[in-house]
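Accompanying notes for the structure given below.
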Amino acid sequence: MRRETVPGKSSAGFTLLEILLAIFILAIVMSTVYASYTGTLKIVDDTRYSDYVYGMARNTMKRMIADMESISPYKGAFRFVSERNDIGDEDFTDLTFLTSAHLDFFDAHSSGTAVVSYYVEEDGDKEGYLLKRNDILYRGGKEAEEENLKGAGFVLCDSLKSVKYTFYDKGGEEYEDWDTASPIKPGSEGAPFLISVKLEFVNPKDAKNPFHFTTRVFIPMAGAQ
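First residue of the sequence shown: 984, per my numbering; consecutive thereafter.
What follows is the structure, given as structure tokens:
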């Protein structure tokens, strides 16, 4: 039986055309799938980082509120000191104060008035800085305390861009510094009545718009001084 063909076109020609068309369609499909896949991964990564930052901010603020609300005097005297800490081109403020919110990860039964210090350090692994918290029992002197206030603390959060504290006296006047040990600086009369805390975290997708978190903490014992 004889097979008829279309004049001027071979069966091989049809096969090659079909293969080229199939490859073209496959390339379009694969490009669409890849674009959708990478877009989904980007959204997932952005969401994961946002959740991470919000979780850190929530836990950090919770710890700071607990510490600051428990600020108390030792033998009738408050201790609350803010110090400037210049790291590279950035300007931070470190805090040291007495509080009854002592936290000991190694001894759950440890309690008493503690010297708590918040300080910022460079992060060698990630963009941004580390906010660390140190906590040692206060025994009325500075000898062992000064040696252990920094360097051995626990990390409260990373990816920190900035931290800013604002202190308020009983009249509502605000200050950037506070020092209960200085007769010429705000704070010589005792602990601040209110503390505003503002944290900013690195936003890798938009460096000019970091993540912002703010809270204010009332100090109950400040009114008893």
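The beta carbon of each residue, even a glycine, is placed where N, CA and C say it ideally should be.
Report task. Starting from Ile1054, follow the beta strand (DSSP E) in both directions and report where the run begins and ends. Result -> Translated into positions along the sequence shown, residue 1054 becomes position 71. Run containing Ile1054: none; DSSP gives neither H nor E here.
**Report entry** Best match in Asp1050, Ile1006, Lys1058 for proximity to Arg1122 [C-alpha to C-alpha]
**Finding:** As a working mapping, residue 1122 is identified with position 139 in the sequence shown. Arg1122 has its Cα closest to that of Lys1058, out of Asp1050, Ile1006, Lys1058.
Query - Spatially closest choice to Arg1031 from Asn1186, Asn1192, His1195, by CA coordinates - result: Indexing the sequence shown from 1 puts residue 1031 at position 48. When each option's Cα is compared against that of Arg1031, the closest is Asn1186.
Requested in this report: Measure the alpha-carbon distance for Thr1096 versus Pro1175 and round it to whole angstroms.
Outcome: Residue 1096 sits at position 113 when you count from the first residue of the sequence shown. Residue 1175 sits at position 192 when you count from the first residue of the sequence shown. Going from the Cα of Thr1096 to the Cα of Pro1175 covers about 18 Å.
Query raised in the report: Counting pairs of Cβ atoms below 8 Å between the region 1100 to 1116 and the region 1178 to 1196, do you hit three or more?
Result: yes
Query raised in the report: With distances taken between CB atoms, is the gap from Val1064 to Asp1160 smaller than 7 Å?
Result: The residue you call residue 1064 lines up with position 81 of the sequence shown. The residue you call residue 1160 lines up with position 177 of the sequence shown. Against a cut-off of 7 Å, the Cβ pair of Asp1160 and Val1064 comes out as no contact.
Requested in this report: Would you kindly report the start and end of the unbroken beta strand (DSSP E) that includes Arg1116?
Outcome: Here residue 1116 is taken as the residue at index 133 of the sequence shown, counted from 1. If you look at Arg1116, you'll find it in the beta strand (DSSP E) that goes 1112 to 1120.
**Report entry** Straight-line gap, Tyr1017 to Asn1068 (C-alpha atoms, nearest Å)
**Finding:** In the sequence shown, the residue the question calls residue 1017 occupies position 34. In the sequence shown, the residue the question calls residue 1068 occupies position 85. Cα atoms of Tyr1017 and Asn1068: separation of roughly 47 Å, rounded to the nearest angstrom.
Query raised in the report: Any heavy atom of the ligand FAD closer than 6 Å to the CB of Ile1002?
Result: The ligand FAD is absent from the structure shown, which contains no ligand whatsoever.
Query - Whole-angstrom distance between Val1146 and Thr1197, CA atom to CA atom - result: Residue mapping note: residue 1197 aligns to position 214 of the sequence shown, counting from 1. Residue mapping note: residue 1146 aligns to position 163 of the sequence shown, counting from 1. Here the alpha carbon of Thr1197 sits roughly 10 Å from the alpha carbon of Val1146.
Report task. Rank Thr1079, Ser1179, Pro1056 by C-alpha distance to the C-alpha of Gly1155 and give the top, closest one. Result -> Position 172 of the sequence shown, counted from the first residue, corresponds to residue 1155. Nearest option by C-alpha distance: Ser1179.
Query raised in the report: In terms of DSSP beta bridges, what is Glu1066 paired with?
Result: Indexing the sequence shown from 1 puts residue 1066 at position 83. Its beta-bridge partners are Asp1077.
Requested in this report: Give the DSSP bridge partners of Leu1003, in chain order.
Outcome: Here residue 1003 is taken as the residue at index 20 of the sequence shown, counted from 1. Partner(s): none; Leu1003 has no beta bridge.
Query raised in the report: Using the beta-carbon count (16 or more within 10 Å), is Ile1011 buried or exposed?
Result: The residue you call residue 1011 lines up with position 28 of the sequence shown. Ile1011 comes out exposed.
**Report entry** Rounded C-alpha distance that separates Ser1083 from Phe1201
**Finding:** The residue you call residue 1083 lines up with position 100 of the sequence shown. The residue you call residue 1201 lines up with position 218 of the sequence shown. Spanning the two alpha carbons is a distance of roughly 15 Å.
Report task. Taking the CB atoms as reference points, tell me whether Val1103 and Leu1114 lie closer together than 7 Å. Result -> Reading the sequence shown from its first residue, position 120 is the one you call residue 1103. Reading the sequence shown from its first residue, position 131 is the one you call residue 1114. Against a cut-off of 7 Å, the Cβ pair of Leu1114 and Val1103 comes out as a contact.
**Report entry** C-alpha gap between Ser1053 and Asp1118, whole angstroms
**Finding:** The residue given as residue 1053 occupies position 70 in the sequence shown. The residue given as residue 1118 occupies position 135 in the sequence shown. So the two alpha carbons sit approximately 13 Å from each other.
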